[in-house]
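S.K.:
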Amino acid sequence: MNVPDDLFYTESHEWVRVEGENARIGITDHAQAELTYVVYVELPKVGAEAEARGQIAVVESVKAASDIYAPIKGEVVEVNEALSSNPALVNTDPFGEGWIFVLKMTSPDDVKQLKDAAAYRQAIG
Amino acid sequence: MSDAASKTTPLYEEHQRAGGKIIPFGGWLMPVQYTSITDEHQAVRNNVGVFDISHMGQLTASGAPTAGWLNQMLTNNIDKLAVGTGQYTFLLNEEGGIIDDLIVYRTGLEEFLLVVNASRTEEDFAWLQKSIGGGIRFANRSADFAGLAIQGPKVVELFQLLFRRQIELPARNEIKDFEFLGLNLSIARTGYTGEDGVEVFFPAADAPTIWNEILAKGQALGLRPCGLGARDTLRLEMCYPLNGNDLTPEHNPIEAGLGFFVDLSKPEFIGRSVLARIKESGAPRKLVPFKMKAKGPPPRPHYGVWRDGEQISEVTSGTLSPSLNQGIGMAYVPSEHARIGSELEIEIRGQKFPAVVEKKPLYKKA
């Protein structure tokens, strides 16, 4: 499983890439493999206020709908519209083209509460 | 994930070896998929796939009064069954509600095999046992048998490879015994996918040998082991009902649109008077297939079904159809909204998405 070193991770399998005062967020390679072929992504609304660990998006496979949680508190400033026409980007490039949304972080220090790559690798065994 | 009370089939280790993702299902630990639901679904539509159906129940009954007794207990007409043929039928309660849907085979003049849903096996057996008369031997043989469903357009080709010669598979709805690798197989030309295919039953101990031989010989034909996920998408595209979702004791075969498998010309069977009344007056609600009108989230069981600003029902089965790449489902709706072309709305996470009532089946081969 690919677990890039420069990202932060959650127990619920989201990843966070810090980009200045923003955080780009998606689901991990491990998560996409567990979910299998993604057929629909319900994106959050730009401007929405995200609470840490609050449900913010939904990723659906053929079999089931799975909630996606905001790793940290912030405001949604961008969503990945490309997923509307090609939700499988979540599978093919989970850490790149398959990103889901960008938060403007309320407090950039919040990412320190998240797992680093080593801790996440351990969590998924 | 695993639950101490869950049972496993004789192929449990083979599923793990084949990369199966195991989930609890009706008291059993079963593979939901091996690679992906979509890949397995397409393998069945285009080539051939093999499903473990060992969790399904096998009840056997024999003796001179058996046919008469089963005709009292089941909706379809046993007298129409020649030796070596089977029929789809229902086990109803006194109110006409569905306890189970099953296939009954006449394996001998006075011998019958009932193949029932896994989660209903014990309940069916107890219900039938309650009203058994003298001279009938009735047994729950579920633990003794394993089963495979082998489904897809290349099934005939697969069997030529397996037997290394031309063999004549039984005709649709027929069951026949074969010897294979020195083992005994009962092969029925039945299935739950809408493709040509067979369901094969054999002693539980032989399961790994037969499974591995099929996987090996099937490779050249693009055969895939398939899980419950693909089984569900395949059957839903055909609008075949799933017990527990679409069929429950709160529903009867008439409103489920399956009156064809109820023979009201029989003088008596459990539930008959209720069904005759419903047939006479018309069912107030009907099970209908529907398609989502636009791209969007797929419908799922229990999502609300709306019409004219009012919730009228809920979805009983729903998924994204891999063949159509469109959301599909089924729901019981009031009969005035059950016509083909009738507009519905499906509520998904608080938002309503347009859907339209369609004709069965939802998927037809080009």
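Chains U and G, in that order, are what the protein sequence lines are. For our numbering, count along the first sequence from 1 and bump the result up by 30. For our numbering, count along the second sequence from 1 and bump the result up by 84. Built from N, CA and C at the ideal position, the CB exists for glycine as well.
Give me whichever residues DSSP pairs with U:Glu111 in a beta bridge.
M.R.: In the first sequence, the residue the question calls residue 111 of chain U occupies position 81. Partner(s): none; U:Glu111 has no beta bridge.
S.K.: Please list, in chain order, the chain G residues whose beta carbon lies closer than 9 Å to that of U:Tyr70.
M.R.: Taking the first residue of the first sequence as position 1, residue 70 of chain U is located at position 40. Within 9 Å Cβ-Cβ: Lys379, Gly380, Pro381, Pro382, Leu404 and Gly411.
S.K.: Hey, would you say G:Gly388 sits closer than 8 Å to G:Glu431, going by beta carbons?
M.R.: In the second sequence, the residue the question calls residue 388 of chain G occupies position 304. In the second sequence, the residue the question calls residue 431 of chain G occupies position 347. Yes. Within cutoff.
S.K.: Rounded to whole angstroms, what is the Cα-Cα separation between G:Ser36 and G:Asn161?
M.R.: Given that chain G is displayed from residue 85 to residue 450, the structure contains no residue 36 of chain G and the question cannot be resolved.
S.K.: May I have a chain-ordered list of the beta strand (DSSP E) segments no shorter than 3 residues that lie completely inside the region 386-410 of chain G?
M.R.: For the region 386-410 of chain G, whole beta strand (DSSP E) runs of length 3 or above, ordered along the chain, are 388-391 and 394-405.
S.K.: Mind checking who G:Pro108 pairs with in its DSSP beta bridge?
M.R.: Here the question's residue 108 of chain G lines up with position 24 in the second sequence. According to DSSP, which records beta bridges pairwise, G:Pro108 is partnered with G:Leu113.
S.K.: Tell me which residues of the region 83-102 of chain U have at least one Cβ-Cβ distance to chain G shorter than 9 Å, keeping chain order.
M.R.: Within the region 83-102 of chain U, the residues whose Cβ lies closer than 9 Å to some Cβ of chain G are Val88, Glu90, Ser91, Val92, Lys93, Ala94 and Ala95, listed in chain order.
S.K.: Under 9 Å Cβ-Cβ, which residues of chain U neighbour G:Arg433?
M.R.: Start at 1 with the first residue of the second sequence, and residue 433 of chain G comes out as number 349. Correct list: Glu72, Val88 and Ala95.
S.K.: Skipping 5 residues on each side, what residues in its chain have a beta carbon closer than 7 Å to that of G:Glu398?
M.R.: Against the second sequence, residue 398 of chain G aligns to sequence position 314. So the qualifying residues of the chain are His386, Tyr387, Gly388, Val389 and Ala415.
S.K.: Report yes if the C-beta distance between G:Val372 and G:Val440 is below 8 Å; otherwise report no.
M.R.: One-based indexing of the second sequence puts residue 372 of chain G at position 288. One-based indexing of the second sequence puts residue 440 of chain G at position 356. No, the pair does not count as a contact, with Cβ atoms beyond the cut-off.
S.K.: Once DSSP output is grouped into helix, strand and coil, what is the label at G:Ser226?
M.R.: Residue numbering aside, residue 226 of chain G sits at position 142 when the second sequence is read from its first letter. Three-state DSSP puts G:Ser226 in coil, outside helix and strand.
S.K.: With H, G and I counted as helix, E and B as strand and the rest as coil, what does DSSP make of G:Thr191?
M.R.: Here residue 191 of chain G is taken as the residue at index 107 of the second sequence, counted from 1. Three-state DSSP puts G:Thr191 in a strand.
S.K.: For G:Gln142, which of helix, strand or coil comes out of DSSP?
M.R.: Stepping through the second sequence from its first residue, residue 142 of chain G is reached at position 58. Residue state, collapsed to three classes: strand.
S.K.: Can you tell me where the beta strand (DSSP E) holding G:Phe262 begins and where it ends?
M.R.: As a position in the second sequence, residue 262 of chain G is number 178, starting the count at 1. Ile259 to Phe264 is the span of the beta strand (DSSP E), which, as asked, contains G:Phe262.
S.K.: So is G:Phe344 buried or exposed if we call it buried at 16+ other beta carbons inside 10 Å?
M.R.: Against the second sequence, residue 344 of chain G aligns to sequence position 260. So G:Phe344 counts as exposed.
S.K.: Does the separation of the CB atoms of G:Ile445 and G:Gly278 fall below 8 Å?
M.R.: The residue given as residue 445 of chain G occupies position 361 in the second sequence. The residue given as residue 278 of chain G occupies position 194 in the second sequence. Residue identity differs from the one stated: residue 445 of chain G is Pro in this sequence, not Ile. Closer than 8 Å, so yes.
S.K.: Between G:Ser365 and U:Gln85, what straight-line distance do the alpha-carbon atoms span, to the nearest angstrom?
M.R.: Counted from its first residue, the second sequence places residue 365 of chain G at position 281. Counted from its first residue, the first sequence places residue 85 of chain U at position 55. Cα to Cα, the separation comes out at about 48 Å.
S.K.: What are the start and end residues of each continuous alpha helix (DSSP H) run of 4 or more residues lying completely inside the region 292-376 of chain G, in chain order?
M.R.: Complete alpha helix (DSSP H) runs here, min 4: 312-321 and 356-365.
S.K.: Cutting at 6 Å between CB atoms, please list the residues of its own chain near U:Lys145, excluding the five before and the five after it.
M.R.: The residue labelled residue 145 of chain U in the question sits at position 115 within the first sequence. Same-chain partners within the cutoff: Tyr39.
S.K.: Roughly how many angstroms separate the alpha carbons of G:Asn329 and G:Gly110, rounded to a whole number?
M.R.: On the second sequence, residue 329 of chain G is found 245 positions in, with the first residue counted as 1. On the second sequence, residue 110 of chain G is found 26 positions in, with the first residue counted as 1. Approximately 12 Å between the Cα atoms of the pair.
S.K.: So if DSSP puts G:Phe243 in a beta bridge, which residue, or which two residues, is it bridged to?
M.R.: Against the second sequence, residue 243 of chain G aligns to sequence position 159. Paired residues: none, contrary to the question.
S.K.: Which residues in chain U sit within 8 Å of G:Gly313, going by Cβ to Cβ distance?
M.R.: The residue you call residue 313 of chain G lines up with position 229 of the second sequence. Those within 8 Å of G:Gly313 in chain U are Val92 and Lys93.
S.K.: When you compare only the Cα positions, how much space is there between G:Phe437 and U:Glu72?
M.R.: Mapped onto the second sequence, residue 437 of chain G falls at position 353. Mapped onto the first sequence, residue 72 of chain U falls at position 42. The alpha-carbon atoms of G:Phe437 and U:Glu72 are separated by roughly 13 Å.
S.K.: Here's a check: name, in chain order, each residue in its chain whose Cβ is nearer than 7 Å to the Cβ of G:Gly380, leaving out the five neighbours to either side.
M.R.: Here the question's residue 380 of chain G lines up with position 296 in the second sequence. Within the same chain, G:Gly380 has close Cβ partners Gly411 and Phe437.
S.K.: G:Val128 CB to nearest chain U CB: under 8 Å?
M.R.: In the second sequence, residue 128 of chain G corresponds to position 44, counting from 1. Not an interface residue.
S.K.: As a quick exercise: from U:Leu119, U:Gln152 and U:Leu37, pick the residue whose alpha carbon is nearest that of U:Val15.
M.R.: Outside the displayed range of chain U (31 to 155) lies residue 15 of chain U, so it cannot be described from this structure.
S.K.: On the CB-based measure, 16 or more other CB atoms within 10 Å of its CB, does G:Leu193 come out buried or exposed?
M.R.: Within the second sequence, residue 193 of chain G is the residue found at index 109, counting from 1. G:Leu193 should be labelled exposed.
S.K.: Reducing DSSP to helix, strand and coil, say where G:Asn29 ends up.
M.R.: Residue 29 of chain G falls outside the range modelled here, since chain G spans only 85 to 450, and no answer is possible.
S.K.: Going by DSSP in three states, G:Leu197 sits in which element: helix, strand or coil?
M.R.: Start at 1 with the first residue of the second sequence, and residue 197 of chain G comes out as number 113. G:Leu197: strand per DSSP, three-state reduction.
S.K.: Round the Cβ separation of G:Asp123 and G:Leu95 to the nearest angstrom and send it over; I've been treating them as touching at under 8 Å.
M.R.: By one-based count along the second sequence, residue 123 of chain G stands at place 39. By one-based count along the second sequence, residue 95 of chain G stands at place 11. The Cβ separation is near 20 Å, so there is no contact.
S.K.: Report yes or no: do the region 86-101 of chain U and the region 117-131 of chain U share at least 3 C-beta pairs separated by less than 8 Å?
M.R.: Flag = yes, the region 86-101 of chain U and the region 117-131 of chain U touch.
S.K.: Using the Cβ count rule (16 or more neighbours within 10 Å means buried), how would you classify G:Gly393?
M.R.: Within the second sequence, the letter at position 309 stands for residue 393 of chain G. The residue in question, G:Gly393, is exposed, as its Cβ has fewer than 16 Cβ neighbours within 10 Å.
S.K.: Where does U:Lys145 fall in DSSP's three states?
M.R.: On the first sequence, position 115 is the one that residue 145 of chain U refers to. Of the three classes helix, strand and coil, the one that applies to U:Lys145 here is strand, per DSSP.
S.K.: U:Thr58 touches chain G at which residues, Cβ-Cβ below 9 Å?
M.R.: What you label residue 58 of chain U is simply residue 28 of the first sequence in a count that begins at 1. In chain order: nothing, as chain G lies at least about 17 Å away.
S.K.: If you drop the 5 nearest sequence neighbours on each side, which residues of the same chain put their C-beta closer than 8 Å to that of U:Glu49?
M.R.: What you label residue 49 of chain U is simply residue 19 of the first sequence in a count that begins at 1. Cβ neighbours of U:Glu49 beyond the five flanking positions: Val132.
S.K.: Have a look at G:Leu175, G:Met157, G:Ile121 and G:Ser138 and flag the residue whose alpha-carbon is nearest the alpha-carbon of G:Lys327.
M.R.: As a position in the second sequence, residue 327 of chain G is number 243, starting the count at 1. The sequence given here has Asn at residue 327 of chain G, not Lys. Of the listed residues, the one whose Cα sits closest to G:Asn327 is G:Leu175.
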